[in-house]
Every structure is written in structure tokens, then in C-alpha cells.
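Peer 1: 1 is the number of the first residue of the sequence shown in this note's numbering; add one for each residue after it.
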Amino acid sequence: MKKILALFLATLYLICAAMHSDAAAPPAKVVITPASFSEREGILIVAQNQGFFRKHNLDVQLVLMPNAPIAFSALSAGESQFYFGTTSGTSLGAVINGLDGVFVAGFINKLIGAFAVGKDIKTPNDLKGKQIGVASLGGGNWMFTMLAFDHWGLDPKRDNISFRVIGNTGVRAQSIAGGVIAGSILGYTFASNLKRDGYPILADLADLNIPFQDSALYTRKSFLNQHPDVVENVLRAMLDAISFIQDPANKNAVLKSLTQWLRLTKTEDAVEGYEFMRKLYTKRIYPTVDGIRNSIRVLGTTNEKFKGLKAEELIDDRIVRKLEKEGAF
1 MKKILALFLA
11 TLYLICAAMH
21 SDAAAPPAKV
31 VITPASFSER
41 EGILIVAQNQ
51 GFFRKHNLDV
61 QLVLMPNAPI
71 AFSALSAGES
81 QFYFGTTSGT
91 SLGAVINGLD
101 GVFVAGFINK
111 LIGAFAVGKD
121 IKTPNDLKGK
131 QIGVASLGGG
141 NWMFTMLAFD
151 HWGLDPKRDN
161 ISFRVIGNTG
171 VRAQSIAGGV
181 IAGSILGYTF
191 ASNLKRDGYP
201 ILADLADLNI
211 PFQDSALYTR
221 KSFLNQHPDV
231 VENVLRAMLD
241 AISFIQDPAN
251 KNAVLKSLTQ
261 WLRLTKTEDA
271 VEGYEFMRKL
281 YTKRIYPTVD
291 GIRNSIRVLG
301 TTNEKFKGLK
311 AEELIDDRIV
321 RKLEKEGAF
């Protein structure tokens, strides 16, 4: 009997020691690099400010990159673990060039954004012969623009539409107001401010219902295979952030985070972006095959290499499937 009791106590000690060891495990250090400066990234800021990353044992550093190519350089070099962004010439081109990249979750699965224009632009045809501002050539903002043009039957080459690399959404908004460019796709917050000053919104792209993998979490297959627990915990934190954002009781806290992120001087200027976040973030965070396929189709008209990509091979939703099975959403 004494031997059995001793064995039981020894086993109990080992279990408790293991539990203590797990509890004392240091947070996993993670770098996430968005390359867009809009309310799209609000989910990351809320997850950070509300402690949801810490809750899931993560030490997350959010690093805003000037553009997608620089963000992918960091991912390729192992300086970051995740890119938060869209299907674009950059994210898909990285795969063509050998990066083992996949989308592990999708948070907005259609084309969104406000196509803000100068006061002399009334219809999409008025963009012919004009200069359009983008954040970078081949990046997400350029991709949004190409999909909008495709929807309207515009061809930049045929219609003499040129692209000018301007910078983030705030700088592009200023460039429209200053007459430097004829238009650009902006986040809703900055577009709303322009609209108040009399500048037209040619279209809310969300109303066009164009399938597109917009805001998504992208990582390397090798990282996912080696650290599935880290990927899972990042997604759990982001699901917590969506729940927090969608609860009207948290409006002031979300507005505060968004105002901070967008460097706005007045909280009321963030209201449009807040409403966008509540409306368009989805808790069913599966990446969209149709949206990625649509990007491949458009990019294939500019470079034949893109036609060899298969949307299904650019997605790894094993963690999302696990979370859904557990009832996380």
C-alpha cells in the first residue's frame, strides 16, 4: 500500500511540475508586419491594446512597413513571422520566386475601400488619361485598383491611365486634395474626411461585391509546420479582438485604438473606420479560394507566370478548421 501511495504521489508531483513548467513558459516572440495604414489593421491594434496577444502567451511586436515588398523581405529573412495583408502581385509573386508562403486565415473576403477622386471626376470613364496614386506597384493598393478597373472595363495601358507611387493612405488623400493625382483607393476614415471637404467618392468597393482575399494572415509553411501552436494562438487572439470590436459596449475603446493607430487628432474622425470594422470583419476566418483565384486571373494579364499558381495551394486552413471544430466561431 505504501509503495502504491508513493507511486501515486510521485506521479502527482510530475504532473504538477509539468503544469508549472507549462504555466511558466515564456511568451512566444512574434513579429507581425502590416504594410497598409488604414482601419483594416484595426484588428491587430485592438488585439494588442486589449491584451489579447498576451492572454494567449504571445509577445507580439507590430511593425508597420512602408510597403508590401519590404514586408516580404522581412518575412523571407526570418525577421518577421507573419504578414497581415492581401493577395497582391507582391504576396503571390513571392511564391513564384520560391517563398513557401500560405494564407492561414482571412478576415475580409471581398474587395473593400473607397475610391476617392478629384472634384472633376464624375464617372469611372473620367479616369482615362489620368494619374492614379498607389502605395506601391504590385502591392495590395495597386491590386485593389486593378480589380476596380477590371470591374469597370478600364485598361490602364489602353486608356492611358498611369500609376504614381505616393505612399500610405493619408499621404494619398492629401495628394488628391492637392491635385497631385486624380484619385486613389483609400481607407474609409481618410476618404470620409475628404468627402466632408467636397471630394467625391467614386465608389465604395464593398458595394461592388468583387471576390477578393483582402485582410488576411500570411506566413511561411515551414513556420506553420514548426510552430502550429503559435499560429493558433495568434488566431485565437484575433478572434477575441473581433468579438471585442463587434460589441457596441466597447465602442470607445475601439475608437481610441483606431485614433491612435491612424494618428488622428480627433476621436470622431475614426467613427467611419470603426463602423467599417464592425461591419466587415468576419469571425468565420477561412481564407477565400475564389478571392485568391480572382487575383491570379487579374495578375495573369500582366505576367504569364501568375497563371501557373493554384489558389488551393496558397491556403492552409488547418488551424481555422481546428478552431471551428472546437466552437471558437
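C-beta atoms are modelled at their ideal positions from N, C-alpha and C, and glycine is treated no differently.
1. Can you give me the Cβ contacts of Lys251 inside the same chain, cut-off strictly under 8 Å, excluding the 5 residues immediately before and after it?
2. By DSSP, does Ser162 sit in helix, in strand, or in coil?
3. Please tell me whether Ser222 and Asp100 are closer than 9 Å, where the distance is taken between their beta carbons.
4. Please state the DSSP three-state secondary structure of Asp22.
5. Between Asp290, Ile181, Leu224, Phe107, which has its C-alpha nearest Phe276's C-alpha?
6. Could you work out which residue in Ile245, Leu224, Ser38 is closest to Trp261 when comparing CA atoms only?
7. What runs of the beta strand (DSSP E), each 3 residues or longer, lie entirely inside the stretch 118-202?
8. Measuring straight from C-alpha to C-alpha, what distance separates Arg54 and Asp229?
9. Suppose you measure from the CA of Gln50 to the CA of Asn57; what does that come to, to the nearest Å?
10. Let me confirm a value: Gly179 is counted as buried when at least 16 other C-beta atoms fall within 10 Å, else exposed. Which label applies?
11. With 16 as the cutoff for other CB atoms within 10 Å, does Gln226 come out buried or exposed?
12. Enumerate in chain order the residues of its own chain whose CB-to-CB distance from Tyr281 is below 7 Å, with the five nearest sequence positions on each side excluded.
13. Could you give the first and the last residue of the continuous alpha helix (DSSP H) run that contains Leu323?
14. Looking only at its own chain, which residues have a Cβ that is under 6 Å from the Cβ of Asp240, when we skip the five neighbours before and after it?
15. Using only alpha-carbon positions, find the residue among Arg297, Thr267, Ala35, Ala77 that is nearest to Thr189.
16. Would you mind giving the Cβ-Cβ distance between Phe82 and Leu217, rounded to the nearest angstrom? I have them listed as a contact below 8 Å.
17. Residue range of the beta strand (DSSP E) that Gly101 falls in?
18. What's the gap between the Cα of Val320 and the Cα of Ile285?
19. Can you tell me where the alpha helix (DSSP H) holding Tyr274 begins and where it ends?
20. Applying the 10 Å Cβ sphere with the 16-neighbour rule, what's the burial state of Thr259?
21. Mind checking Asn233: buried by the 16 CB within 10 Å criterion, or exposed?
22. In three-state DSSP terms, what is Gly78?
23. Roughly how many angstroms separate the alpha carbons of Leu194 and Val31, rounded to a whole number?
24. Look up Thr302 in the DSSP assignment and say whether it is helix, strand or coil.
25. On the DSSP letters alone, give me the boundaries of the alpha helix (DSSP H) that Val46 sits inside.
26. Pull up the CB-CB distance for Gly198 and Gly138, whole angstroms please, since I reckon it's below 8 Å.
Peer 2: So, to answer that:
1. Within the same chain, Cβ atoms closer than 8 Å to the Cβ of Lys251 are found at Tyr274, the five residues on either side in sequence being excluded.
2. Three-state result, Ser162: strand.
3. Contact flag set, yes.
4. Model confidence at Asp22 stands at a pLDDT of 47, short of 50, so the residue's coordinates are unreliable; what they give is reported in the following sentence. Asp22: helix per DSSP, three-state reduction.
5. Considering only alpha carbons, the answer is Phe107.
6. The residue among Ile245, Leu224, Ser38 with its C-alpha nearest the C-alpha of Trp261 is Ser38.
7. Here the runs fully enclosed are 131-134, 162-165, 183-186.
8. Cα to Cα, Arg54 sits roughly 14 Å from Asp229.
9. Near 14 Å, if we compare the C-alpha coordinates of Asn57 and Gln50.
10. Gly179 is exposed by the Cβ-count criterion.
11. In this structure Gln226 is exposed. Its beta-carbon is surrounded by fewer than 16 other beta-carbon atoms within 10 angstroms.
12. If we look at Tyr281 and ignore the five residues flanking it on each side, its Cβ neighbours are Ile43, Phe107, Ile108, Ile242, Ile245.
13. Looking at the DSSP string, the run of the alpha helix (DSSP H) that includes Leu323 is 318-326.
14. Around Asp240: Phe52.
15. Closest by alpha carbon: Thr267.
16. So it is a contact: roughly 6 Å between Cβ atoms.
17. Counting along the chain, Gly101 sits inside the beta strand (DSSP E) bounded by residues 101-106.
18. Distance between the alpha carbons of Val320 and Ile285 is about 7 Å.
19. Its alpha helix (DSSP H) spans residues 271-280.
20. The residue is buried, with at least 16 neighbouring Cβ atoms inside 10 Å.
21. Buried, since its Cβ has 16 or more Cβ neighbours within 10 Å.
22. Coil.
23. Using only the alpha carbons, I get a separation of about 33 Å.
24. Coil, per DSSP.
25. Looking at the DSSP string, the run of the alpha helix (DSSP H) that includes Val46 is 42-49.
26. Actually they do not touch by this definition, with Cβ atoms about 32 Å apart.
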